[in-house]
């Protein structure tokens, strides 16, 4: 349903599943296992897998905490987007990579739910993409000390409100890993 012309394909986005982001996060191991399932499914269906990696004061490029978790392995041919803002589109080449693959629908996974995941979902919808959040393949750290709800509530709330997101000619939505299909039929 995307508003982007001639963009019939879907891509899997794997956002910031870096050691310094997800170590100690809510449901870390289950989330990573679900992302691996989605990566395998995407690769089997010749769907682009696009990796996003954040850098900043707490995630210095090249540091151990900046690296992706060892359970997830990127292939050399799969695009890697380096970012410094929460929204994966801001000042990156994500849009040109997606355009090159004729992608109009995104399946979004990763971390952190209340920062980069939300920002990227909204950024995608505003830019004309359909954006599906995989409900059991994103996580966040415990920020209750700063007044945030517990991580499981952040994840649940994000899943709740994103399932009904839509805008003219595009939509959000959520589904669990087992429900994800990269076929055009499900996207319609």
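Residue numbers (full-length UniProt numbering): 1 to 188. For every residue, glycine included, the Cβ atom is placed at its ideal position computed from N, Cα and C.
*Would you list the residues sitting across from residue 147 in a DSSP beta bridge?*
Among the bridge pairs identified by DSSP, residue 147 is matched with none.
*Ignore the nearest five residues each way along the sequence and tell me which others in residue 21's own chain have a CB closer than 6 Å to its CB.*
Here the set comprises 111.
*Hey, how far is the Cα of residue 102 from the Cα of residue 145?*
Taken atom to atom, the span from the alpha-carbon of residue 102 to that of residue 145 is near 43 Å.
*Evaluate the contact criterion for the segment 21-38 versus the segment 158-173: three or more CB pairs, one atom per stretch, below 8 Å.*
Taking a cut-off of 8 Å for Cβ pairs, the segment 21-38 and the segment 158-173 do not touch, as fewer than three such pairs fall below it.
*Would you report the Cα separation of residue 94 and residue 64, rounded to the nearest angstrom?*
Linking residue 94 to residue 64 through their CA atoms gives a straight-line distance of about 24 Å.
*asked:* Nearest by alpha-carbon distance to residue 91: which of 17, 52, 58 and 100 is it?
replied: It is 52.
_Helix, strand or coil at residue 84 according to DSSP, with G and I counted as helix_ = Here residue 84 sits in coil by DSSP.
*Out of curiosity, what's the CA-to-CA distance linking residue 108 and residue 117?*
Taking the straight line joining both Cα atoms gives about 8 Å.
_Residue nearest to residue 28 in terms of C-alpha spacing, selected from 142, 147 and 183_ = For residue 28, the closest alpha carbon among the candidates 142, 147 and 183 is that of 142.
_Measuring only the C-alpha atoms, how far is residue 181 from residue 42?_
Each residue's Cα considered, the two are about 9 Å apart.
_Quick check: the segment 31-38 against the segment 53-63, are at least 3 beta-carbon pairs closer than 8 Å?_
Flag = no, the segment 53-63 and the segment 31-38 do not touch.
*Please confirm whether residue 98 and residue 11 have their CB atoms less than 8 Å apart.*
Yes.
_According to DSSP, residues forming a beta bridge with residue 130_ = 105.
*Confirm, please, whether the CB-CB distance from residue 159 to residue 125 is below 8 Å.*
Contact annotation: residue 125 and residue 159 have beta-carbon atoms that are not nearer than 8 Å.
*Around the Cβ of residue 38, are there at least 16 other Cβ atoms within 10 angstroms (buried) or fewer (exposed)?*
Residue 38 should be labelled buried.
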